[in-house]
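As structure tokens, the structure follows; a few thoughts come after it.
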């Protein structure tokens, strides 16, 4: 169980997102949850200076397809970071394990193959209530956390490339 609120952070430790471009890929499966993750990410990016016109959102059918959507952003756009947002809820079969493993490995591959921050904003929960708690409920919003991570990683890359 999460021990902290995903939406709590030191606002003074976040660099400005002004001039940064973000691609957000949102899974349609469990959209009542992933839609809230997307809202959190967009609101947080704008709160820290990203222009709405520099935030590009695309949808894919499910969490497994997030990595290909991320690859499309990496190959066909000039975004500075990609945020992958999905939700996988444990069921009665091992499907959960395969989806979680695939999207985790795929996200790592995208980071390495494209030298671009690709942020894992996927909830992997035991039940729907845990997902609701982490998509704007009592434990905050994983979308906020993913947006902050994206801003920080773009900033780090820019600092090192100088």
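In the numbering used here, the protein residues as written are 130 to 291. Heads up, the beta-carbon is just placed ideally off N, CA and C, and yes, glycines get one too.
- Residue 154 and residue 198 have their alpha carbons spaced roughly 6 angstroms apart.
- Here residue 152 really is in contact with residue 202; their C-beta atoms are around 4 angstroms apart, less than 8 angstroms.
- Restricting attention to 137, 209, 190, the CA atom closest to the CA of residue 149 is found in 209.
- Shown here, residue 177 sits in coil according to DSSP, grouped into three states, outside any helix or strand.
- Two segments are said to touch when three or more pairs of C-beta atoms, one from each, lie closer than 8 angstroms; by this definition the stretch 170-182 does not touch the stretch 237-246.
- If you draw a 10 Å sphere on the C-beta of residue 271, you find 16 or more other C-beta atoms in it, and that means buried.
- The stretch 156-169 makes contact with the stretch 253-265, as at least three CB pairs between them are under 8 angstroms.
- Judged by DSSP secondary structure, residue 272 falls outside any beta strand (DSSP E) and instead within the alpha helix (DSSP H) spanning 271-290.
- Rounded to the nearest whole angstrom, the CA to CA distance from residue 217 to residue 195 is 12 angstroms.
- Looking from the CA of residue 134, the closest CA among 282, 286, 284, 273 belongs to 273.
- Residue ranges of uninterrupted beta strand (DSSP E) with 3 or more members, entirely inside the stretch 135-199 and ordered along the chain, are 151-156, 184-189.
- Nearest Cα to residue 268 within the set 230, 252, 205: 252.
- Judged by beta-carbon spacing, residue 212 lies within the 7 angstroms limit of residue 250, meaning their Cβ atoms are closer than that value.
- Residue pairing of residue 229 in beta bridges, as defined by DSSP: absent, with no partner found.
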